[in-house]
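Quick notes on the structure that follows.
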Amino acid sequence: MLRAGHRFKVFFAFVALFASAMAVSQANTIEDVRIWAHDDKTRVVFDLVREPHFTYFTLYDGGPHRIVIDFQGTSHQLDLEQIATNSILLERVRGSSPPESGVARIVLDVNDSIDPVIFHLPPAGVSGHRLVVDLPGQSMIPERVQRVVRTAEHSELRPVVIAVDAGHGGRDPGSVGPTGKYEKHVTLAVAKMLADRINADPGMQAILTRTGDYGISLAQRQRLIRQARADFVVSIHADAFTSPGPRGASIWTLSPRRANTELGRALENKERLSEELYELDDALQQESNDQYLASVLLDMRKNDSIQDGMLAAETLLQSLGRVTDLHRQQPQGASLAVLSNIGTPSVLVELGFISNPQKERLLVSRDHQERLAQALYQGLRQNFIAYPIDGTILANQRIQTHVVARGDSLSVLAQRYNTTVEAIMQHNQLASTTLFVGQELEIPTSS
Numbered sequence: 001m002l003r004a005g006h007r008f009k010v011f012f013a014f015v016a017l018f019a020s021a022m023a024v025s026q027a028n029t030i031e032d033v034r035i036w037a038h039d040d041k042t043r044v045v046f047d048l049v050r051e052p053h054f055t056y057f058t059l060y061d062g063g064p065h066r067i068v069i070d071f072q073g074t075s076h077q078l079d080l081e082q083i084a085t086n087s088i089l090l091e092r093v094r095g096s097s098p099p100e101s102g103v104a105r106i107v108l109d110v111n112d113s114i115d116p117v118i119f120h121l122p123p124a125g126v127s128g129h130r131l132v133v134d135l136p137g138q139s140m141i142p143e144r145v146q147r148v149v150r151t152a153e154h155s156e157l158r159p160v161v162i163a164v165d166a167g168h169g170g171r172d173p174g175s176v177g178p179t180g181k182y183e184k185h186v187t188l189a190v191a192k193m194l195a196d197r198i199n200a201d202p203g204m205q206a207i208l209t210r211t212g213d214y215g216i217s218l219a220q221r222q223r224l225i226r227q228a229r230a231d232f233v234v235s236i237h238a239d240a241f242t243s244p245g246p247r248g249a250s251i252w253t254l255s256p257r258r259a260n261t262e263l264g265r266a267l268e269n270k271e272r273l274s275e276e277l278y279e280l281d282d283a284l285q286q287e288s289n290d291q292y293l294a295s296v297l298l299d300m301r302k303n304d305s306i307q308d309g310m311l312a313a314e315t316l317l318q319s320l321g322r323v324t325d326l327h328r329q330q331p332q333g334a335s336l337a338v339l340s341n342i343g344t345p346s347v348l349v350e351l352g353f354i355s356n357p358q359k360e361r362l363l364v365s366r367d368h369q370e371r372l373a374q375a376l377y378q379g380l381r382q383n384f385i386a387y388p389i390d391g392t393i394l395a396n397q398r399i400q401t402h403v404v405a406r407g408d409s410l411s412v413l414a415q416r417y418n419t420t421v422e423a424i425m426q427h428n429q430l431a432s433t434t435l436f437v438g439q440e441l442e443i444p445t446s447s
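For what it's worth, the numbering used here labels the leading residue of the sequence shown as 1, then goes sequentially.
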């Protein structure tokens, strides 16, 4: 029989062993390092087994620029030297000698004195614990956007600035078609085609919220739109439903009420899922120091923005109806985050149902994408001539209707109305210069 003193020693030894075992079981592991590099920032994501405990510091004086992160109680078996960055901000990711046992030290070699934003993201969807390191560039506004703003400030008449927002991107594919085609690829292709058409028009200027296949958070999209001083936002998506039957394009506008249809609710839920996949950092949501004031100011402008968005949606829907079938003949209202909190008239365009096998084939067809982009461009141009924005080039134009008579040609009409052949063709979506007697044309002219 053990004496009391020995019993206590055995008990404490057991406790010590148990605590040691628990400490080992709670040790963390870095399972992967993922990098997204694009124009305005680079994001580094560390995938971990458990919530990370970490410290970091920067070294910018007297040597290479470095961001050093110490993960407490953490190990990894990764070959960091093999990680490709493809980033103009981040040169490489490497390991370094830890300051003490049980610490994994990771060094990010960067090419400038960068103020990183580092935060933890809890598990969401298929993702576990993540430590996110955002490396912002010198400007979150692309150079093209800066030129748009400066032009607007120094020109007597300025172009209408349109933000073209390609939905989803990066780890968020959006909806997936029956054969595995991704919404994110369709939206980016059409967005680029639309932007090209807008930028070819001297009366309009486009900015893209993303230019490649990478994730961009809602807050970043909204920041780009605000900084570019966009007059209008077109957010491009492709729809999906639980059955393959639904088909046709639709346009959604910001509604003060929650959507009251099943499709509307599904769309709102899909948007929230996308935000999780973008790995949005909460800090980006806190840019305004006075959220109440911001909401009051937004409410003051909301009615006008909703009305402007609805007018544009009607014109765009009519234009889309010339090149594709429509799911609904009228614009639909929903409470969508991508259309809110920016104080800018906006529409969300669903190009069609990628969940429909026939429409999936169409949506990935370049010819169909070109037709959709042309229809959207045409609708936008018509809208800003019919409902002009003061101080813009398009506000100085007016539309006249002409019925083609015998002997008419585009060059004759251009001379008669003091415009150009290109302007008439572009406005009327003419594929050739051939005209037919009785054909009705809209002629854009300067006031």
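Every residue gets a Cβ at the ideal spot worked out from N, C-alpha and C, and that includes glycine.
{"Check": "Determine the DSSP secondary structure at V296, reduced to helix, strand or coil.", "Outcome": "A caution first: V296 carries a pLDDT of 43, below 50, which makes its placement in the model unreliable, though a value can still be read off. Reduced to three states, the DSSP call for V296 is helix."}
{"Check": "State yes or no: is the C-beta of H168 within less than 8 Å of the C-beta of V110?", "Outcome": "no"}
{"Check": "Hey, could you find the ends of the alpha helix (DSSP H) Y417 is sitting in?", "Outcome": "Unbroken run through Y417: none, as it is neither H nor E."}
{"Check": "Ordered along the chain, which non-local residues of its own chain (more than five positions away) have a Cβ less than 7 Å from that of T453?", "Outcome": "Nothing about residue 453 can be reported from this structure: the residues present for the chain run from 1 to 447 only."}
{"Check": "Use the C-beta contact count for D325: other C-beta atoms within 10 angstroms, 16 or more gives buried, fewer gives exposed.", "Outcome": "exposed"}
{"Check": "For R150, does the count of other Cβ atoms within 10 angstroms reach 16, so buried, or fall short, so exposed?", "Outcome": "Here the model assigns R150 a pLDDT of 44, short of 50, so the residue's position is not dependable, and the following value carries that caveat. Its Cβ having fewer than 16 others within 10 Å, R150 is exposed."}
{"Check": "S250 and E183: beta carbons closer than 8 Å?", "Outcome": "no"}
{"Check": "Taking the alpha-carbon positions, what's the V364 to G63 distance?", "Outcome": "49 Å"}
{"Check": "Apply the 10 Å Cβ neighbour rule to Q330 and answer buried if 16 or more other Cβ atoms are within range, or exposed otherwise.", "Outcome": "exposed"}
{"Check": "Terminal residues of the continuous beta strand (DSSP E) containing R94?", "Outcome": "L90 to S96"}
{"Check": "According to DSSP, simplified to helix, strand and coil, what is I393?", "Outcome": "coil"}
{"Check": "Is the CB-CB distance between L316 and L380 below 8 Å?", "Outcome": "yes"}
{"Check": "In whole angstroms, what separates the C-alpha of S97 from that of A104?", "Outcome": "8 Å"}
{"Check": "Please work out which residues of its chain come closer than 6 Å, Cβ to Cβ, to D32, disregarding the five sequence neighbours upstream and downstream, and give them in chain order.", "Outcome": "D47"}
{"Check": "Please report the straight-line C-alpha distance between I198 and H427, rounded to a whole angstrom.", "Outcome": "12 Å"}
{"Check": "Taking the beta carbon of V412 as the centre, do at least 16 other beta carbons fall within 10 Å, making it buried, or is it exposed?", "Outcome": "exposed"}
{"Check": "With H, G and I counted as helix, E and B as strand and the rest as coil, what does DSSP make of I83?", "Outcome": "coil"}
{"Check": "Does DSSP put A312 in a helix, a strand or coil?", "Outcome": "helix"}
{"Check": "On the criterion of 16 or more Cβ atoms from any shown chain inside 10 Å, does D521 qualify as buried, or is it exposed?", "Outcome": "Residue 521 cannot be examined here, being either before or after the span of the chain that is shown, 1 to 447."}
{"Check": "Quick check: the Cα distance between D134 and L224, rounded to an integer number of angstroms?", "Outcome": "17 Å"}
{"Check": "Is G352 closer than 8 Å to D239 when the C-beta atoms are compared?", "Outcome": "yes"}
{"Check": "Rounded to the nearest angstrom, what separates L157 and H327 at their Cα positions?", "Outcome": "38 Å"}
{"Check": "Ignore the nearest five residues each way along the sequence and tell me which others in H76's own chain have a CB closer than 7 Å to its CB.", "Outcome": "T29, I30 and A104"}
{"Check": "When the distance is taken between beta carbons, is A166 closer than 8 Å to A206?", "Outcome": "no"}
{"Check": "Can you give me the Cβ contacts of R371 inside the same chain, cut-off strictly under 6 Å, excluding the 5 residues immediately before and after it?", "Outcome": "V323"}
{"Check": "Output the distance between the C-alpha atoms of P159 and R229, rounded to the nearest integer angstrom.", "Outcome": "12 Å"}
{"Check": "Given M310, which residues of its chain have a CB within under 7 Å of its CB, disregarding the five upstream and five downstream residues?", "Outcome": "T253 and P331"}
{"Check": "Three Cβ pairs or more, each shorter than 8 Å: is that satisfied between the segment 433 to 443 and the segment 398 to 414?", "Outcome": "yes"}
{"Check": "Closer than 7 Å by C-beta to G177: which residues in its own chain qualify, once you throw out the five before and the five after it? Chain order, please.", "Outcome": "I354, S355 and E360"}
{"Check": "How about T179 and I236: do their beta carbons lie closer than 8 Å?", "Outcome": "no"}
{"Check": "Roughly how many angstroms separate the alpha carbons of T344 and V49, rounded to a whole number?", "Outcome": "42 Å"}
{"Check": "How should F436 be labelled, buried or exposed, when 16 other C-beta atoms within 10 angstroms of its C-beta is the threshold for buried?", "Outcome": "exposed"}
{"Check": "By the 10 Å Cβ neighbour count, where 16 or more other Cβ atoms means buried, how is Q358 classified, buried or exposed?", "Outcome": "exposed"}
{"Check": "What residue range does the beta strand (DSSP E) around G167 cover?", "Outcome": "It is not in any beta strand (DSSP E) - G167 carries neither H nor E in the DSSP assignment."}
{"Check": "I need the DSSP call for S243, collapsed to helix, strand or coil.", "Outcome": "coil"}
{"Check": "For A431, does the three-state DSSP call read helix, strand or coil?", "Outcome": "coil"}
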